[in-house]
Each structure stands twice: as C-alpha cells, then as structure tokens.
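Engineer: All residue numbers for the sequence shown refer to my numbering, where the first residue is 43 and numbers rise by one. In this text, a Cβ means the ideal position worked out from N, Cα and C, and glycines have one as well.
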Amino acid sequence: MAPTPVSIPAFAQAQLDLLLKEHEAEKLSSALATTSTNTVSPATRRTLQATGYALTGIALVQCRTGMGGRVVGEFGADAAVSSDTDAERDGKPRLGTHGIRVGDVVRVLETASSGKKVIGNKDSSKAGSSSNNGAEGVVTKVSEKSLSVAFGQSGGGGGAKAEEEAVDDLWGKKLWLVKLANDVTHRRLKQTMEKMEKIPESDHTYFMRVLFGHTTPSSPDYDSIGQLDFVDPTLNDSQKEAIRFALASKEIALIHGPPGTGKTHTLIELILQMIRRNMRILVCGPSNISVDNIVERLVPHKVPIVRVGHPARLLPSVLNHSLEVLTQTSEAAEIVRDVRKEIDDKVSSIRKTRNGRERREIYGDLKELRKEFRERESKCVGNLVTGSKVVLATLHGAGGHQLKNQKFDVVIIDEASQALEAQCWIPLLSASRAVLAGDHLQLPPTIKSSNLSTKDKIGKSKSKKAEDEKLPVLKGVSLETTMFDRLLNIHGPSIKRMLTTQYRMHEKIMRFPSDELYEGKLMAADAVKERLLKDLPYEVEDNDDTKEPLVFIDTQGGDFPEKPEDEDFAKKESLLGESKSNEMEAALAVRHVECLIDAGVKPEDIAVVTPYNAQVALIAQSLKEKYPRIEIGSVDGFQGREKEAIVVSLVRSNDKREVGFLGEKRRLNVAMTRPKRHLCVCGDSETISKGSKFLKDWMDFLEEHADLRYPDASELL
C-alpha cells in the first residue's frame, strides 16, 4: 500500500498550534501551582514539594563559574530546618523528597519574603534578574544532598550584573525554589517548526520526503555491510538482525525494544559498528538520563565521544566526557581556565565588600571577563566537538550553538517513543539518515494541554505562511502521536525490527503483556524466566510471598472504596489534578510490602507504583519514614525503571465502575513490566474489568494465573 503523503508545511503549522497550546497549558499549571493562594504559606510550599513543583528548606552553600561564564549556585538542605536523621559521616543532611529534575527552569526565593505573590514565570527571559521574585535559572545537577542551578541560563536576559546581584542576595538566607514553565525549550521547538514550514518544496530532501510519506524508503542494502563481526558475541538473534537492518537502511530504521529486551545494549553495538565504517554519529534522547545511559556504556570501548550539555549523573565516567569538564581539562582549555579563575576571584571579592562604587566596578570587570570567557570557550568547544566521532546530546540540546554547522552521517534517537515529534526534528532537520529506538506500546510523552478543561483559555496561532497559502488543516494530528507512531502508520512494519528476548521478567509476569501487546513474540531469557524473590543473592525466607512471581489481591465486593472527592481535596485540586486515592487499598499495599521486608527482601529492591499522585502521597506517609530506601512513585514516573519486586495499587473502586485514565493500556503496560521476580497487583476486579476489553482480559488472566487473594477489610481497621 502506497504511503499517504503528509503536507510538510501543513504538518509544521499544525505542530506550531499544538505546541503553543501546550506551552500555555504548562504556564497555566505553573501559575496554578505558585499562585494557588495570595501568600505562599509553609503548608502550601510543602504541598508544592509533595506534588513535584518545589523544594523547600534549602540554603546556598557554594557558587562557581559554569559553561558560558554563567553563575552556578549549589544548594543544600538548610541545617537549621532539616530534621534529617540519616545524614552520613560527612554530616550533610539530605534534601527532602521532591520532583525537581535536571533541565527544569526554577526560581529560587527567600522563605521570609515568600508572602509576596509569585506569578508563574511572568517573564522567564529575565533569568537571574534581581527582584522581589528571587533568582531564576536551570537545574544542572541533582543528588540526594544538593542541587545545582545555572543562573541566567533560562533565557539569557538581565545581564551579568543582574545575575550576580540576584544570586549574591541569596547568601545566608532561608530559601526555597519553585519549578516554572520552560520558555527556552518551547522557543527552540517553535523555531524548528517555523524553519520546517518555510523550507520550499524544491529543498525538501529525500529523507524528509520519506518521513512524510511522499516516497517510500530505499530498500535496505545488505550487500554494502557484508559479514558482520560483532563486538559483543552475546547478542541474541533479534538484536543482531536489528543491527544489520539499521546498518543497511538508507533513510530510516526503527528498533522496537519492548521492556527488558536490551534496546540500549543493541544501540551500543550499532554505534560501534558505525564507527568501524568511519561514520560520524549524533546520538540523542529526550532526557539527560537517556543520553547519559549511553555515554556510560560507550566509555569502556575507548571511543572518542563528547557529551554536549549538563550530565544528569555525577559519575566520573559521564562527567569526564562532558563539554563542561573537557573545556577545563583538555590542552586547549588552559587559557579558558585562567579566565575562569579570574572570574571566580572577582565573584569572591564581591562578597567581601559592601561599598557600592567598588561593587559596581567589579561587576563592570566581570562583564568584560565573561565576554572574553565565552569567546575563548566557544573556540575550545568547537575544536572538541569537531574532533569527536560520536557526539551525544538531548534532543533539545542538539539545537544549541555547540552543534551549529556540525555535519553527521546518521542521527540515532533513543527513547524516541517518549519524545515529542517536534523535539526529534531539532537534530533531524539537517539529517539524511536516522535510527529511532523505542517502544510505542509504552507511555508517550506527557501532554498537559490534553488534560485542560474547555473553560481554560488557550491562545491560537496561525503562521503568516499558513494564512497566505491557505494550508490544508491536518486532522488527527496530536502531540501524543510520536514520530515512531507516525512512521509505523505511514510505512508499516517493513521499517521496523523488534527485539524479542527479554532479560528482566519472570515468564509468568511477562506472559500477559507479551500476548496482548507484543503479538506473543516476547520470550524470557533462560536466566530470568524462573527466578523468584527467594532466589535473591542474599538470605530471603521461602514463603508464600517470596515463591510467587504473580500475586493478585482482589478487593472486589465494595469493602475497599476509592475516596470520594471532598472539600479538603478540592482545595488541592489544582496541584493534584483529578487525582484519586483509596485508603484501604493503600493499607493493603503497605501490608504486602512489610511482609516482603519481614521475609528478608531489602527495601531498596521494592517499589510501590500507582497511577494516581494522591495515592503515592498516601502510601508514602505510611512507608517512607520507616523504610527511606523504598521507592514510591507514579506509574508514569517509573517508565524505564525496574525493581526485583513491584507492588501496584490500581486505586479505582466505585459503584459506577469508572476507571478513568486507568483505561490507557500503555500506562498499565508500564506498570506490569517493571518487576524482575515479583509483581503484586492490588485492585477491585469488579470495577477494573468494566473499563475496557484489555482490562477485562487482564483481570481474567490474573484470576487464572496469579496467586489470588481476597483480603478481609476488618483486619486492616
């Protein structure tokens, strides 16, 4: 069947409209989070932290000069307000549990001044500006005990003096920080789509024409790759075939990696094979974690690599290949280091003087030093990037000045099914060949605008070109449709190879997702298909819990109802969305976790996941203080992760048999494919089975194949 061509300018224009709505929704959710009351009270700050929007009880502990001469502030837990009893020998308390991640745009505020109303990010272009609203920047590193923010990086306005003064004002004060909408990311996506829209048809490359269905992909040229000598002899047949196919494909190849099938392992071999063929490769992913994971695995192969951007991990193996470190340690970096030291000395001298005239003079010197620093660093960066065979960056980072005018033979995108299509086009707009790896049957990127009610006002955008040329309206275009999905819809399975051996789950845990979602093609590797909790490499009791890979605690009968939305909940609705909780089911999940721990399973080998943030908060109240090493989180946040034992709380139990967004089978696929040895599902089969055919089939499967348990509500009271 011939592909249905998609108008490239119309697609770009549709994306622009959708991206504007998404950005408005992001700003709306940020403003809701930070202006839910006129004064940001301590209780509101705690709620913001619990819902992932804020981090409280912090203090500025260190400042240094980062990439581009930016001020980087390191924040730790404020010892005066910390109740942490788990401080290690260095005596540093840990930060509280929070949802702030690398890449988030944040504003750091003084706690004492937080009675002032905080307005979303009214103008995040004035990053680091000195005002009542604190200092603004981008999170570059996160660890248990500290968090680093590069100020002046979220938009570049405000100037060196304003940045320095804003950060300087934070010393010695009780602080908190709040997450804001990210204008910079939106701006880069917008610029990419506007650029795509303006490309005349005569300049559309063969690669672009293939990706929009105007022509079919060239046939794979297997003759050109010859007999492959694999670096890793342990690769299975489906992995080897995926590598052959990706090497032989001229324009596009999709590698479909279901949970635990060694997708990243396969990509490493592919990269090594491409290097042998003297190809230059740009490797991207939607998040810092996805990119750093590849850096980590490439390092042992002694490949010349450069990681553009700020690595999310603190591992030396990753940091030593980042531009930030290379610009300080390479031979060409010596002259840059001298200026960096001079800047740091000037910054230090500012804090020693309160004389206004002297401070102004120092800020003037700093401005000139920063300019010189950026010029020298830019030359150093250019040399480092050009000399590397493999460059790695986030999709967003691939649009940075460091990669401007750089040419690559192929672009590899990992976790492509978790990226917005517009993100993928940042590195692909100038590409001629790509390999996308991911799993379109797990969750797509989170889209805020799809959850907005009709009363929320969202702007509309129409480009001038669209108005002038009356571009056709593309129906069915949404941000949830990833490039991976769209290419499969256009070209079918001929452009895809699936990895079929999984190395994570017990066979019984794997069986349902394999049969229902992966055409029954998944096979469990011999090493994992029968392993149980009782077989862990430390002492664990052999009991009814540790010898069962699959347990279903069925709460049918109405004794474990979900909590109705009451007035108390309504107050927090703007923070938790339409979140649900179920106290009795939470107690069941907690009891099962305690049974596993009593049997000898280490808390760090267990996670509790649930689709609802309100249920996360409820379960965390019961478990986190007693077992700080246990992980409790949302299903969406646990994608890409794994644990020896997973307890899933489904929450929904009501007379109307409503399941809400539990009906999204990709969300359930993530939930049921996280565990290695043990999956315990807590839920009401009567409610859940009415949600969809997929849910009914799952309930039937659990009833037939799981260790079925019916709890007694009276035992939990």
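Is it a yes or a no for the stretch 667-682 touching the stretch 586-598, going by three-plus beta-carbon pairs under 8 angstroms?
Structural biologist: Short answer: they don't touch.
Engineer: List the whole-angstrom C-beta distance separating Arg546 from Val570, where the pair is believed to meet the contact cut-off of C-beta under 8 angstroms.
Structural biologist: The pair is a contact, with the Cβ atoms about 6 angstroms apart (cut-off 8 angstroms).
Engineer: Sorry if obvious, but does the Cβ on Leu578 come closer than 7 angstroms to a heavy atom of the ligand MG?
Structural biologist: No copy of the ligand MG appears in this structure; indeed no ligand is present at all.
Engineer: Assess, as a yes-or-no matter, whether the stretch 62-71 is touched by the stretch 234-252 under the definition of 3 or more beta carbon pairs within less than 8 angstroms.
Structural biologist: No: the two stretches stay apart, fewer than three of their Cβ pairs being nearer than 8 angstroms.
Engineer: Work out the CA separation of Asp245 and Leu564 for me, nearest whole Å.
Structural biologist: Roughly 42 angstroms between the two C-alpha positions.
Engineer: Does DSSP classify Glu590 as helix, strand or coil?
Structural biologist: DSSP places Glu590 in coil when its eight states are reduced to three.
Engineer: Hey, quick one: how far does the beta strand (DSSP E) through Met540 stretch, first residue to last?
Structural biologist: Run containing Met540: 538-540, per the beta strand (DSSP E) assignment.
Engineer: Short of 6 angstroms in beta carbon distance, which residues of its chain neighbour Glu590, apart from the five on each side in sequence? Order them along the chain.
Structural biologist: Around Glu590: Asp749.
Engineer: Three or more C-beta pairs closer than 8 angstroms, one from the stretch 290-309 and one from the stretch 537-545: is that the case here?
Structural biologist: They touch, by the three-pair rule.
Engineer: Can you look up Leu485 in the DSSP assignment and give me helix, strand or coil?
Structural biologist: If DSSP states are grouped into helix, strand and coil, Leu485 belongs with coil.
Engineer: Quick one: give me the first and last residue of the beta strand (DSSP E) that Gln104 is part of.
Structural biologist: 96-107 is the span of the beta strand (DSSP E), which, as asked, contains Gln104.
Engineer: If contact is defined by three or more beta carbon pairs under 8 angstroms, each pair taking one atom from either stretch, is the stretch 722-732 in contact with the stretch 686-705?
Structural biologist: Yes, the stretch 686-705 is in contact with the stretch 722-732.
Engineer: Please determine, among Arg318, Lys215, Ser695, Arg379, the residue with the shortest C-alpha to C-alpha distance to Glu419.
Structural biologist: Taking only the C-alpha atoms, the option nearest Glu419 is Arg379.
Engineer: Among the candidates Thr524, Met525, Glu561, Leu592, whose CA atom is the shortest distance from the CA of Lys550?
Structural biologist: Selected option, being the one with the closest Cα: Leu592.
Engineer: Which word fits Leu710, buried or exposed, when buried means at least 16 other C-beta atoms lie within 10 angstroms of its C-beta?
Structural biologist: Per the 10 Å Cβ criterion, buried.
Engineer: Is DSSP giving Gln269 helix, strand or coil here?
Structural biologist: DSSP places Gln269 in coil when its eight states are reduced to three.
Engineer: Going by DSSP, what residues sit across from Arg149 in a beta bridge?
Structural biologist: Answer by DSSP bridge pairing, in chain order: Glu178, Val220.
Engineer: Once the 5 residues before and after Asp726 are set aside, which same chain residues still bring their CB inside 6 angstroms of it?
Structural biologist: Result list for Asp726: Thr597, Gln598, Ser695, in chain order.
Engineer: Drop a sphere of 10 angstroms on the beta-carbon of Ala56, count the other beta-carbons inside from all chains shown, and report buried for 16 or more, exposed for fewer.
Structural biologist: The residue is buried, with at least 16 neighbouring Cβ atoms inside 10 Å.
Engineer: Go ahead and label Tyr264 buried or exposed: buried means 16 or more other beta carbons lie within 10 angstroms of its beta carbon, across all protein chains shown.
Structural biologist: With fewer than 16 Cβ atoms within 10 Å of its Cβ, Tyr264 is classed as exposed.
Engineer: In whole angstroms, what separates the C-alpha of Phe53 from that of Thr46?
Structural biologist: The straight-line gap from Cα to Cα measures roughly 13 angstroms.
Engineer: Touch check for the stretch 227-246 and the stretch 274-285: three-plus C-beta pairs under 8 angstroms?
Structural biologist: Result no; under three Cβ-Cβ pairs closer than 8 angstroms.
Engineer: List the whole-angstrom C-beta distance separating Pro717 from Leu630, where the pair is believed to meet the contact cut-off of C-beta under 8 angstroms.
Structural biologist: Between Leu630 and Pro717 the Cβ distance is about 17 angstroms, and since that is not below 8 angstroms, they are no contact.
Engineer: Where does Ala192 fall in DSSP's three states?
Structural biologist: Strand at Ala192.
Engineer: What residue range does the alpha helix (DSSP H) around Gly480 cover?
Structural biologist: No alpha helix (DSSP H) holds Gly480; the beta strand (DSSP E) holding it covers 476-480.
Engineer: For the stretch 138-146 and the stretch 81-101, state whether three or more C-beta atom pairs, one from each stretch, are separated by less than 8 angstroms.
Structural biologist: Result yes; three or more Cβ-Cβ pairs closer than 8 angstroms.
Engineer: Could you tell me the alpha carbon to alpha carbon distance between Arg719 and Thr488, rounded to whole angstroms?
Structural biologist: For Arg719 and Thr488, the distance between alpha carbons rounds to 29 angstroms.
Engineer: Roughly how many angstroms lie between the CA atoms of Phe526 and Leu324, to the nearest whole one?
Structural biologist: Taking the straight line from one Cα to the other gives about 18 angstroms.
Engineer: Do Leu219 and Val114 count as a contact pair if the criterion is CB distance below 8 angstroms?
Structural biologist: No.
Engineer: What runs of the alpha helix (DSSP H), each 4 residues or longer, lie entirely inside the stretch 307-357?
Structural biologist: Runs found: 330-340.
Engineer: With DSSP as the reference, please indicate the residues paired to Ser364 in a beta bridge.
Structural biologist: Note: Ser364 sits in a beta bridge opposite Arg349.
Engineer: Beta-carbon within less than 6 angstroms of Thr428's beta-carbon, same chain only, minus the 5 sequence neighbours each way: which residues are those?
Structural biologist: Result list for Thr428: empty, nothing under 6 angstroms.
Engineer: Residue ranges of each beta strand (DSSP E) run of no fewer than 3 residues wholly in the stretch 696-752, ordered along the chain?
Structural biologist: You should have 717-725, 749-751.
Engineer: Leu483: which of His533, Glu561, Val433 sits nearest, CA to CA?
Structural biologist: Leu483 has its Cα closest to that of Glu561, out of His533, Glu561, Val433.
Engineer: Please report the straight-line C-alpha distance between Leu445 and Cys105, rounded to a whole angstrom.
Structural biologist: Leu445 and Cys105: Cα-Cα distance of roughly 28 angstroms.
Engineer: Going by the DSSP bridge assignment, what does Gly115 pair with across the sheet?
Structural biologist: Paired residue(s): Cys105, Val191.
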